[in-house]
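To convert, take the position in the sequence shown, counting from 1, and add 634; that gives the working numbering.
A virtual CB, placed ideally from N, CA and C, is assigned to each residue, including glycine.
Here the structure is a predicted model, which means the values were calculated and not measured.
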Amino acid sequence: MEISKDTSEVIKFLDEVTGRSLRKAGDLAIILETGACYGMDELVNDIIFTGSAIWNISVSLKRASHGSDDIKPLENEIFNSVNELRSYFIELLLYTDEETNKRFREIYLIDSFGAMKNIIDLSHDLAELKNVQNTLK
């Protein structure tokens, strides 16, 4: 998928503002570009919000003591949020080219530990984007 100059500049700005900490900048660009091209602002906002929630929950899970009853609600919440994000990806992929569609399905939509790690990495970037959006408001 070809990324426009505008989207590339947004990603470049975000990467600079976050101290070059983006983990999945290319996939974030695909989400933003697809949303911009097809007028899917609400879907992109849902992806950003849900991804940010996943990142925040994953940080809380890392801090929680394993085996504790306190983490069960967090585990349920992250599971539900990941499924919600995957459903948003399925909707977004209706508008992408075949190569992008295949790649996202292999990286984010399969049921594996690796896909979960990829979702959390992308969620980091989505949380960073949300933070910048909130700062600029």
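Sort the options by Cα distance to residue i and report the nearest one.
i, options, result
"Q767", "K696, K639, T652, S638", "T652"
"A687", "F713, E667, Y742, V644", "F713"
"M750", "Y729, T769, S715", "S715"
"F683", "L763, R654, C671", "L763"
Taking 8 angstroms as the limit between beta carbons, can you name the residues of its chain near residue i, skipping five residues before and five after?
i, result
"L708", "I691, S694, L695, A698"
"W689", "I754, S757, H758, L760, A761"
"L677", "G669, Y722, E725, L726"
Could you spell out where the alpha helix (DSSP H) holding residue i opens and where it closes?
i, result
"G685", "675-697"
"L756", "747-770"
"I637", "Unbroken run through I637: none, as it is neither H nor E."
Alpha carbon to alpha carbon, how far is residue i from residue j?
i, j, result
"E650", "D731", "29 angstroms"
"A663", "N717", "21 angstroms"
Sorted by chain position, which residues of the same chain lie with C-beta nearer than 6 angstroms to residue i's C-beta, five sequence neighbours on each side aside?
i, result
"D675", "none"
Take residue i and list the residues in its own chain whose beta-carbon comes closer than 7 angstroms to its own, dropping the five residues that flank it on each side.
i, result
"L849", "One cannot answer for residue 849 here, as it falls past the ends of the chain, which runs 635 to 771."
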